[in-house]
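Input: a single structure, listed below in structure tokens.
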Amino acid sequence: MAHPRPVGIETGIEGTGTEVYGGSGSSGMGGGAAGPGKIGNRIACLGDESTHNYRGKKGYIFTTGTDIYGNDTCIAEGLPVAIEGALHNCPVPGHGIQKINAITIKSYYQGKLILTEGAVVDAPCGAVIKPQNRKIYVE
Ligand SMILES: [Zn+2]
Numbered sequence: 001m002a003h004p005r006p007v008g009i010e011t012g013i014e015g016t017g018t019e020v021y022g023g024s025g026s027s028g029m030g031g032g033a034a035g036p037g038k039i040g041n042r043i044a045c046l047g048d049e050s051t052h053n054y055r056g057k058k059g060y061i062f063t064t065g066t067d068i069y070g071n072d073t074c075i076a077e078g079l080p081v082a083i084e085g086a087l088h089n090c091p092v093p094g095h096g097i098q099k100i101n102a103i104t105i106k107s108y109y110q111g112k113l114i115l116t117e118g119a120v121v122d123a124p125c126g127a128v129i130k131p132q133n134r135k136i137y138v139e
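Quick note: the sequence shown, position 107, residue 107 per this note's numbering, numbers continuous.
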């Protein structure tokens, strides 16, 4: 493809400084033709929403779980990527702010699993994270 490299995430996954890009063929593990053959799930970032909403307000990722004051924050399309330990703010009464649990198995940042679509918020909330489609997938 002739188009320039997409704006992707520059990440210190496992401390190697690896750059991970969205779109097809990330990690060199296939991809290619458009279609459902994605690898992993949509990456989750600060502010991404969840399945819970109440009176027009939606649950969202409230903190990323990363050291945002450090200089090595992992960025995807301009937003900090969320990792295990990130907090979700739910508008449903009684749910409040709870930790989000990763469903990834291979993708780490700052030693913690990266959050994605399908990540589940702790009880009593239980919302499921639904990130925007940045065409960046991790597994
Ligand atoms: Zn909730």
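Positions of the beta carbon are idealized from the N, C-alpha and C atoms, including for glycine.
Check: residue i C-beta below 8 Å from any heavy atom of ligand 1
{"i": "Gly126", "result": "yes"}
{"i": "Gly59", "result": "yes"}
{"i": "Val92", "result": "yes"}
{"i": "Val120", "result": "no"}
Residue i to residue j span [Cα, whole Å]
{"i": "Gly78", "j": "Lys57", "result": "23 Å"}
{"i": "Gly85", "j": "Pro124", "result": "16 Å"}
{"i": "Ile129", "j": "Gly94", "result": "18 Å"}
{"i": "Lys106", "j": "Thr116", "result": "12 Å"}
{"i": "Thr73", "j": "Ile83", "result": "11 Å"}
{"i": "His88", "j": "Ile39", "result": "25 Å"}
{"i": "Lys135", "j": "Gly118", "result": "15 Å"}
{"i": "Glu49", "j": "Arg42", "result": "12 Å"}
{"i": "Gln98", "j": "Asp122", "result": "6 Å"}
{"i": "Pro80", "j": "Thr64", "result": "7 Å"}
{"i": "Gln110", "j": "Ala127", "result": "24 Å"}
{"i": "Asn146", "j": "Ala44", "result": "A question about residue 146 goes unanswered here, because the residues of the chain that appear run from 1 up to 139."}
DSSP beta-bridge partners of residue i
{"i": "Gln98", "result": "His88"}
Heavy atom of ligand 3 within 8 Å of residue i beta-carbon
{"i": "Ser107", "result": "Absence of ligand 3 is noted for the structure shown, with ligand 1 being the only ligands found."}
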